[in-house]
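Residue numbers (mature numbering (1 follows the signal peptide of the UniProt record, and there is no 0)): -27 to -1, 1 to 188.
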Amino acid sequence: MRTLVAGAGRAAAVVACCATVAATACSHSGPSANPTPTPGSRADALIVSVDEVRRIANYEELTAHTHADLRHPPPSDLNAPAPCRAAGISDVTFGTGWTEFRSAGYHGITDDLKPGGPAMIQTVSQAVAVYPDSATARGILHQLESSLQDCVALHDPKFDFTLDRPDSATVRISANAWSHVYHEKSAVLISIGVLGLEPADQIAKAILQTATDRL
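Here it is as structure tokens:
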């Protein structure tokens, strides 16, 4: 599967690290980048390993990004419009009431291009939040969808994505060379984001399926 140069059109807004939706796959200030392990946690068991993701994406250059390995959702971008702060992975995305959280990020970056050319960036982000019951998790997913609908309605060029619902348990936002899915199952909300790897939507679906098969 080929990687894409992300830099033109609306994909450029997505790629800008720590400036747009894709920022949530980058490093943040906030919780420690070296979290205290929680052996045997349910959230840990649902994170798909970097080796598995390399195989799914057919891209061996992906490496684990320690700053994305968190036990609490990272803070949202306060510079973003309020409803758009839920996009990606943040404390707004997952709301309150979760009992376990784990995130992970895998990246492959090269600037081996002509002078002045955009870097090729490949990112896979994952986050898992466990809630006390399915009703709470479904409520968070519904709240997330409502926020994303409000974000789309703003027509902000930095958040120029398509929002849809592939099924009753899944919300998806996507743009050129980028797909981010949120899925609720068994009191767990799973977030998978794929940027700069094609076909992004199929890769995200395959990673999500790998995680949900463990529930």
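Beta carbons are placed, not taken as given, at the ideal position from N, Cα and C, and that holds for glycine. A quick note: this is a predicted structure, and the numbers were derived from the prediction, not measured.
- In the three-state scheme derived from DSSP, where H, G and I count as helix and E and B as strand, E34 is classed as coil.
- Cβ neighbours of V97 within its own chain (closer than 6 Å, five residues either side excluded): V26, Y79 and V167.
- The C-beta of P130 has fewer than 16 other C-beta atoms within 10 Å across all chains shown, which makes the residue exposed.
- For L114, the CB contacts under 7 Å within the same chain, skipping 5 residues up- and downstream, are V144, Y155, E157 and L162 in chain order.
- A check of alpha carbon separations from E33 across Q95, D137, R44 and R75 identifies Q95 as the nearest.
- When the beta-carbon positions are compared, R75 and S147 stay at least 8 Å from each other.
- With fewer than 16 other Cβ atoms from the protein chains shown falling within 10 Å of its own Cβ, D186 counts as exposed.
- Across the set A18, P105 and T66, the C-alpha of P105 shows the shortest separation from the C-alpha of S159.
- Distance check between S152 and each of D140, L170, A142 and S141 places L170 closest, using alpha-carbon atoms only.
- In terms of Cα proximity to G112, the closest of V125, D133 and T66 is T66.
- Boundaries of the alpha helix (DSSP H) harbouring V125: S107 to L127, taken from the DSSP string.
- In this structure, A77 sits away from I165, with a CB-CB distance that is not shorter than 8 Å.
- In the DSSP annotation of this structure, T39 is not part of any alpha helix (DSSP H), being labelled neither H nor E.
- Going by DSSP, L181 is part of the alpha helix (DSSP H) stretching over A173 to T185.
- In the displayed model, T72 falls within coil according to three-state DSSP, outside both helix and strand.
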